[in-house]
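Chains S and A are the protein sequences, given in the same order. Residue numbering for the first sequence follows the working numbering, beginning at 1 and increasing consecutively. Residue numbering for the second sequence follows the working numbering, beginning at 1001 and increasing consecutively. Backbone N, C-alpha and C define an ideal beta-carbon position, used for all residues, glycine too. Here the structure is a predicted model, which is why all the values come from computation and not from measurement.
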Amino acid sequence: DQQVKQNSPSLSVQEGRISILNCDYTNSMFDYFLWYKKYPAEGPTFLISISSIKDKNEDGRFTVFLNKSAKHLSLHIVPSQPGDSAVYFCAASESGTYKYIFGTGTRLKVLA
Amino acid sequence: DGGITQSPKYLFRKEGQNVTLSCEQNLNHDAMYWYRQDPGQGLRLIYYSQIVNDFQKGDIAEGYSVSREKKESFPLTVTSAQKNPTAFYLCASSIGGGIGELFFGEGSRLTVL
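Structure, rendered in structure tokens:
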């Protein structure tokens, strides 16, 4: 039972364009969402998060959008840079439960 | 620097042997976690601990054991009962409560020969 899904295993984008990574969840109790970036053989690094009381959060080139009715969130990277090439994981949690559930990841390749 | 230290980074073991992965944090976080990463399967939760001397099973706890005797330390033992132990193991910590980011270590790659 995959509670957090990233249906696109990979995505290629030209440098300077927008990258949009998508994530869907099934558990309506999730109220906190995070995006992580991961390089091979390294630990994930935190990018941005959003609470369910918001529908948008921005940090520099990264913006996360949350659509609670659709149980969908997306990460926008503008402009995309070659250094953004990595695997991106979305994660969800329910406050008070201490459990963070991760998606399967999307491999982003930014072409120079 | 504050952070999470995992050791060893690479580990080889023979079938039938238990192995313990170390995880230490100096972030003063209450909660600690172990995840496993396999190709195409994302990060799956093995065990987590909210406070010292307490821990709960995650989604794939079979064949693993943990202890939390100190706030800073959360070692994971991969036992011989784990059928597919070859994987990349990640330790993480958080302030707690399911709100706030997880901070990850650099990971440990376990290969069973």
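Provide the residue span of the beta strand (DSSP E) that contains residue 1112/A, from first to last.
-> 1108-1112
Chain A contacts from the segment 85-108 of chain S (Cβ-Cβ distance under 8 Å) = Those residues of the segment 85-108 of chain S placed with their C-beta closer than 8 Å to a C-beta in chain A are 89, 91, 93, 94, 95, 96, 97, 98, 99, 100, 101, 102, 103, 104, 105, ordered along the chain.
From 66/S, 40/S, 14/S, 22/S, residue whose alpha carbon lies closest to that of residue 5/S | 22/S
With distances taken Cα to Cα, identify the nearest neighbour of residue 1048/A among 1058/A, 1039/A, 1040/A, 1042/A.
-> 1058/A
Across which residues does DSSP place residue 107/S in a beta bridge pair?
-> 10/S, 87/S
Within its chain, find whatever has a CB closer than 8 Å to the CB of residue 1017/A; leave out the 5 residues flanking it on each side and keep chain order.
-> 1080
Contact list for residue 1031/A against chain S, beta-carbon separation under 9 Å = 98
Where the segment 38-71 of chain S meets chain A: residues whose CB sits under 8 Å from a CB there | 41, 42, 43, 44, 45, 46, 49, 51
Can you grab the Cα-Cα spacing for the pair residue 1052/A / residue 1069/A, in whole Å?
-> 6 Å
In terms of alpha-carbon separation, which member of 1063/A, 1039/A, 1062/A lies closest to residue 103/S?
-> 1039/A
Relative to the alpha-carbon of residue 1101/A, which residue among 1020/A, 1021/A, 1022/A, 1031/A has its alpha-carbon at the smallest distance?
-> It is 1031/A.
At a Cβ cut of 9 Å, what residues of the segment 1066-1094 of chain A count as close to chain S, listed as they run along the chain?
-> 1088, 1090, 1091, 1092, 1094
Would a check of beta-carbon distances place residue 1041/A closer than 9 Å to chain S?
-> Yes, its Cβ sits closer than 9 Å to a Cβ of chain S.
Go through its chain and collect everything with a Cβ distance to residue 49/S's Cβ below 8 Å, but skip five positions before and after it.
-> When the five nearest sequence neighbours on each side are left out, the beta carbons in the same chain lying within less than 8 Å of the beta carbon of residue 49/S are those of 32, 33, 34, 35, 57, 64, in order along the chain.
Identity of the residue in 1005/A, 1106/A, 1113/A nearest residue 1088/A by Cα = 1106/A
Interfacial residues, the segment 12-38 of chain S to chain A, with Cβ spacing under 7 Å | 32, 34
On the DSSP bridge assignment, give the partners of residue 1037/A in chain order.
-> 1043/A, 1088/A
Report buried or exposed for residue 18/S, applying the criterion of at least 16 other Cβ atoms within 10 angstroms of its Cβ.
-> exposed
Could you tell me which of 101/S, 13/S, 46/S, 8/S sits nearest to residue 112/S, measuring between CA atoms?
-> Restricting attention to 101/S, 13/S, 46/S, 8/S, the CA atom closest to the CA of residue 112/S is found in 13/S.
When the Cα atoms are used, what is the spatial distance from residue 1050/A to residue 61/S?
-> 34 Å
To which residues of the same chain is residue 1027/A closer than 8 Å at the C-beta, ignoring the five residues directly before and after it?
-> 1002, 1003, 1004, 1093, 1103
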